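Engineer: Numbering (the working numbering), first residue to last: 64 to 233.
We put the CB at the ideal spot given by N, CA and C, even for glycine.
Computed from a predicted structure; not experimentally measured.
Here it is: the structure, laid out below.
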Amino acid sequence: MKSNTQNAKIEAITEKTLVLGIDVGSEMHYARAFDYRGIEYSKKPFKFSNTEAGFVTFKEWILDLKERHEKDKVIPGMEPTGHYWFNLGKFLQDNEMKPVLVNPHHVKKSKELDDNNPTKNDRKDPKVIAGLVREGRYMIPYLPDGVYADLRTASNIRFQLQAELTRIQN
64 MKSNTQNAKI EAITEKTLVL GIDVGSEMHY ARAFDYRGIE YSKKPFKFSN TEAGFVTFKE
124 WILDLKERHE KDKVIPGMEP TGHYWFNLGK FLQDNEMKPV LVNPHHVKKS KELDDNNPTK
184 NDRKDPKVIA GLVREGRYMI PYLPDGVYAD LRTASNIRFQ LQAELTRIQN
């Protein structure tokens, strides 16, 4: 994607794009799949665990949908819930998909548009998230890879050790 504008994000979603909305949880995730116009391919949320085995079944579900509906591109959208999305984001990136994130505040505000009910549930959130992705209302996270991931980890450990050393000295 050349530009990070909303128009460029919308243009990146074509007839051949499968748009996923993923509600991220600590133990379970829920996903729904849509085409570029908002027509749903999954009649109910796909439930998968926050484990490698769960991610593999999720990937198989995606590949099946891609084949059945003749899609060649996938845009998985997630609401960043704490740190729970990191492992899924890395898995998607490692499997040649580019995860995107939607603002949790936008998800909360958009829920009422469909049914005038702001309640949260596992069926509604993935649909709202996918809708925001289709509208280009997402951000592309930076997920470091290789040596850059190692540098980020080392930097975080150093920061934690410095804070602990300061606490001990005081």
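1) Suppose the cutoff is 7 Å on Cβ atoms and the five residues either side in sequence are ignored; what does the same chain contact list for residue 189 look like?
2) Have a look at the DSSP bridge pairing and note the partners of residue 80.
3) Can you find at least 3 beta carbon pairs, one from the stretch 156-176 and one from the stretch 200-207, that sit closer than 8 Å?
4) Under the assumption that residue 97 contacts residue 151 (Cβ atoms under 8 Å), give the Cβ distance between them as a whole number of angstroms.
5) Could you check whether residue 134 and residue 81 sit closer than 8 Å to each other, using their CB atoms as the reference points?
6) Quick one: give me the first and last residue of the alpha helix (DSSP H) that residue 211 is part of.
7) Closest to residue 141 by C-alpha separation, out of 101, 211, 192 and 130, would be which residue?
8) In its own chain, which residues sit with a C-beta less than 7 Å from the C-beta of residue 110, not counting the 5 before and 5 after it?
Structural biologist: In this structure, then:
1) These residues qualify, in order along the chain: 84, 85, 86, 93, 94, 95 and 108.
2) 136
3) These segments touch.
4) About 18 Å; that fails the 8 Å criterion.
5) Yes. Within cutoff.
6) 210-232
7) 192
8) 91 and 93
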